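Colleague: Before anything else, here's the structure in question.
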Amino acid sequence: MLPDEQLLEAAERFGTPLYVYDAREIDAALARVRAAFGDARVFYAMKANSNFAVLRRLRAAGVGFEAVSPGELARARFLGCSGDEVIVNGPAKTPQEYALGGEIGATFVVDREEEVERVPAGARVLVRVNPALDVSTHDHLATGAPVSKFGVRLDRVAATVAAARARGLHLRGLHVHIGSAIRDASDFLAAFERLAGLASTVGELEVLDVGGGWGVDADLAGIARAAREAQAAFGARELWVEPGRYLVATSGTLLTRVVGTKETGRRFVLVDAGMTELLRPMLYGATHPVRPLWAGADAGLFDLAGPACESGDLLARDVPLPEPAVGAVLAVGQAGAYGAVMSSTYLSRSRPAEALWDGEWRLVRRRERPEDVWRAELDAETVTA
Ligand code: LLP
Numbered sequence: 001m002l003p004d005e006q007l008l009e010a011a012e013r014f015g016t017p018l019y020v021y022d023a024r025e026i027d028a029a030l031a032r033v034r035a036a037f038g039d040a041r042v043f044y045a046m047k048a049n050s051n052f053a054v055l056r057r058l059r060a061a062g063v064g065f066e067a068v069s070p071g072e073l074a075r076a077r078f079l080g081c082s083g084d085e086v087i088v089n090g091p092a093k094t095p096q097e098y099a100l101g102g103e104i105g106a107t108f109v110v111d112r113e114e115e116v117e118r119v120p121a122g123a124r125v126l127v128r129v130n131p132a133l134d135v136s137t138h139d140h141l142a143t144g145a146p147v148s149k150f151g152v153r154l155d156r157v158a159a160t161v162a163a164a165r166a167r168g169l170h171l172r173g174l175h176v177h178i179g180s181a182i183r184d185a186s187d188f189l190a191a192f193e194r195l196a197g198l199a200s201t202v203g204e205l206e207v208l209d210v211g212g213g214w215g216v217d218a219d220l221a222g223i224a225r226a227a228r229e230a231q232a233a234f235g236a237r238e239l240w241v242e243p244g245r246y247l248v249a250t251s252g253t254l255l256t257r258v259v260g261t262k263e264t265g266r267r268f269v270l271v272d273a274g275m276t277e278l279l280r281p282m283l284y285g286a287t288h289p290v291r292p293l294w295a296g297a298d299a300g301l302f303d304l305a306g307p308a309c310e311s312g313d314l315l316a317r318d319v320p321l322p323e324p325a326v327g328a329v330l331a332v333g334q335a336g337a338y339g340a341v342m343s344s345t346y347l348s349r350s351r352p353a354e355a356l357w358d359g360e361w362r363l364v365r366r367r368e369r370p371e372d373v374w375r376a377e378l379d380a381e382t383v384t385a
């Protein structure tokens with residue numbers, strides 16, 4: 001996390017709630033990925049943080065993108081990405097996504113057998129495999145479990161590959177992504193071994209895409225070793241990876257100001273950010289480190305409660321803090337991934353501003369205004385579709 005003074009300067013200058021990112025942290029995370037994965041091609045899962053400033057920085061460093069919605073594809077097109085730079089993923093792609101991805105010339109991930117008939121003629125494709133494994137993460141974050149909606153069942157992969165080839169698609173390889181926020185290399189090893197078991201039926205491949213899913217403190221070296229073994233089993237020339245969280249989580253901090261305190265059965269510090277700014281604690285029970293940006297003797301443990309009229313609107317529990325004064329600033333860490341992008345306009349709240357530190361502060365998304373939130377309703381009076 002950036003030093004207190006710099007964070008306070010940003011809060012002063014841009015207001016709170018505010019997301020701030022340290023560009024150097026993104027560079028450092030990418031360097032760690034490259035150190036572990038060598039010449040593997042990196043496709044950043046832009047769902048983690050699709051701010052153009054982040055996308056531009058990663059793209060300039062040679063990173064491609066994984067996109068899962070019309071909006072994400074539109075971002076890639078806006079940036080002028082070529083087909084080589086974009087993977088189109090998602091379990092329920094719409095005609096709009098096939099058209100946009102086709103226009104760019106992207107590689108499509110076939111997520112179910114029937115999709116072989118949907119992707120544009122001649123498209124480059126990967127077939128996503130569901131390895132049917134339970135992994136050590138939150139239920140909502142597991143994507144390769146037997147009950148997950150993702151991927152093609154192991155016993156249908158060979159048929160799907162054959163169907164793709166028969167339709168004249170350019171079958172580049174297989175794809176697997178077992179879930180998110182996983183630390184342990186053994187989960188990846190188990191999944192990649194299941195995948196490698198398909199080598200005898202599927203034959204040689206150009207590409208093996210092992211997805212992302214790495215927690216911020218994941219064992220990258222162990223995951224990379226497991227991936228290389230699977231790559232070798234298929235004789236695949238290229239290894240592709242799709243990290244989201246790992247590249248951006250630690251770069252980001254949510255800054256929020258103290259509005260007041262209150263004691264009921266618990267001790268609360270009331271702040272100006274909550275579930276509408278950072279949903280992860282409420283949705284996944286996620287914990288984010290909290291640092292007070294003021295000094296003082298420890299005044300006990302506080303729950304960080306947001307402004308929403310919802311009891312679940314807590315950013316953290318049992319945080320040790322010095323006595324909070326109104327207007328003091330708290331820094332909520334590891335918020336660079338799935339933070340700003342999952343913020344909402346519930347309660348007609350304006351989504352927060354975002355700023356990037358790169359030797360100096362730069363505003364990279366202005367704070368929304370109430371009019372931004374209701375604009376589409378007023379437009380409906382003049383537009384019919
Ligand atoms: N590739 C695919 C196909 C994915 O579905 C995802 C994430 C990624 C790559 C990147 O995963 P990562 O490296 O970021 O773990 N909103 C949740 C995370 C959902 C992740 C969904 N898919 C959260 O706040 O933790």
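Oh and the sequence shown: position 57 is 57 in my numbering, straight run, nothing missing. Glycine residues also receive a C-beta, built at the ideal position from the N, C-alpha and C atoms. Keep in mind the model is a prediction, meaning the values are calculated, not measured.
1) If you draw a straight line from the C-alpha of PRO292 to the C-alpha of LEU330, how long is it?
2) Exposed or buried, what is HIS140 when buried is set at 16 or more other beta-carbons lying within 10 Å of its beta-carbon?
3) Could you check whether the segment 232-241 touches the segment 251-267, counting it as contact only if at least three pairs of C-beta atoms, one from each stretch, sit closer than 8 Å?
4) Please classify ALA36: does DSSP put it in a helix, a strand, or coil?
5) What are the residues that DSSP puts in a beta bridge with ARG267?
6) Look at ALA98 and VAL127 and say whether their C-beta atoms are less than 8 Å apart.
7) May I ask which residues mark the beginning and end of the alpha helix (DSSP H) holding GLY102?
8) At the level of alpha carbons, what is the spacing between GLY101 and ALA45?
9) Give me the Cα-Cα distance between SER180 and SER136, rounded to the nearest whole angstrom.
10) Alpha carbon to alpha carbon, how far is ALA353 from VAL248?
11) Run through DSSP, which three-state label would TYR338 get?
12) How big is the Cα-Cα spacing for GLU113 and ALA163?
13) Tell me whether HIS170 counts as near ligand 1, meaning its Cβ is closer than 7 Å to at least one heavy atom of that ligand.
14) What does a CB cutoff of less than 8 Å around ASP134 pick up in its chain, not counting 5 residues either side in sequence?
15) Report yes if the C-beta of ALA337 is less than 7 Å from at least one heavy atom of ligand 1; otherwise report no.
16) One question on the structure: do ALA335 and LEU278 come within less than 8 Å of each other, judged by their Cβ atoms?
17) Taking only heavy atoms of ligand 1 into account, decide whether any of them is closer than 7 Å to the Cβ of HIS288.
18) Any idea if GLU204 is buried or exposed, counting beta-carbon neighbours within 10 angstroms, 16 or more meaning buried?
Modeller: Checking against the coordinates, here is how it stands:
1) As a working note, residue 292 is residue 292 in the sequence shown. As a working note, residue 330 is residue 330 in the sequence shown. Per the coordinates, the alpha-carbon of PRO292 lies some 5 Å from the alpha-carbon of LEU330.
2) The residue labelled residue 140 in the question sits at position 140 within the sequence shown. Around the beta carbon of HIS140, fewer than 16 other beta carbons lie within 10 angstroms, which makes this residue exposed.
3) With a cut-off of 8 Å, the segment 251-267 and the segment 232-241 do not count as touching, because too few Cβ pairs lie within range.
4) What you label residue 36 is simply residue 36 of the sequence shown in a count that begins at 1. Helix.
5) Within the sequence shown, numbered from 1, the residue matching residue 267 stands at position 267. Its beta-bridge partners are GLU263.
6) As a working mapping, residue 98 is identified with position 98 in the sequence shown. As a working mapping, residue 127 is identified with position 127 in the sequence shown. It is Tyr, not Ala, that sits at residue 98 in the sequence shown. Taking 8 Å as the cut-off, the Cβ atoms of TYR98 and VAL127 do not count as close.
7) In the sequence shown, residue 102 corresponds to position 102, counting from 1. 95-104 is the extent of the alpha helix (DSSP H) around GLY102.
8) For the purposes of this step, residue 101 is taken as the residue at position 101 of the sequence shown. For the purposes of this step, residue 45 is taken as the residue at position 45 of the sequence shown. Spanning the two alpha carbons is a distance of roughly 15 Å.
9) Residue 180 sits at position 180 when you count from the first residue of the sequence shown. Residue 136 sits at position 136 when you count from the first residue of the sequence shown. Answer to the nearest angstrom: the Cα atoms are 10 Å apart.
10) Position 353 of the sequence shown holds residue 353. Position 248 of the sequence shown holds residue 248. Put simply, the backbone Cα of ALA353 is about 17 Å away from that of VAL248.
11) For the purposes of this step, residue 338 is identified with residue 338 of the sequence shown, where counting begins at 1. In the structure shown, TYR338 sits in coil (DSSP, three-state: anything other than H, G, I, E or B).
12) As a working mapping, residue 113 is identified with position 113 in the sequence shown. As a working mapping, residue 163 is identified with position 163 in the sequence shown. Cα to Cα, GLU113 sits roughly 8 Å from ALA163.
13) For the purposes of this step, residue 170 is identified with residue 170 of the sequence shown, where counting begins at 1. HIS170: no, Cβ never under 7 Å from ligand 1.
14) For the purposes of this step, residue 134 is taken as residue 134 along the sequence shown, with counting starting at 1. Result list for ASP134: ALA142, ALA145 and PRO146, in chain order.
15) Position 337 of the sequence shown, counted from the first residue, corresponds to residue 337. The closest heavy atom of ligand 1 lies less than 7 Å from the beta carbon of ALA337.
16) Here the question's residue 335 lines up with position 335 in the sequence shown. Here the question's residue 278 lines up with position 278 in the sequence shown. The answer is yes: Cβ separation under 8 Å.
17) Sequence index remark: in the sequence shown, residue 288 carries index 288 (1-based). No, ligand 1 has no heavy atom inside 7 Å of this Cβ.
18) Along the sequence shown, one-based indexing puts residue 204 at 204. By the 16-neighbour rule on beta-carbons within 10 angstroms, GLU204 is exposed.
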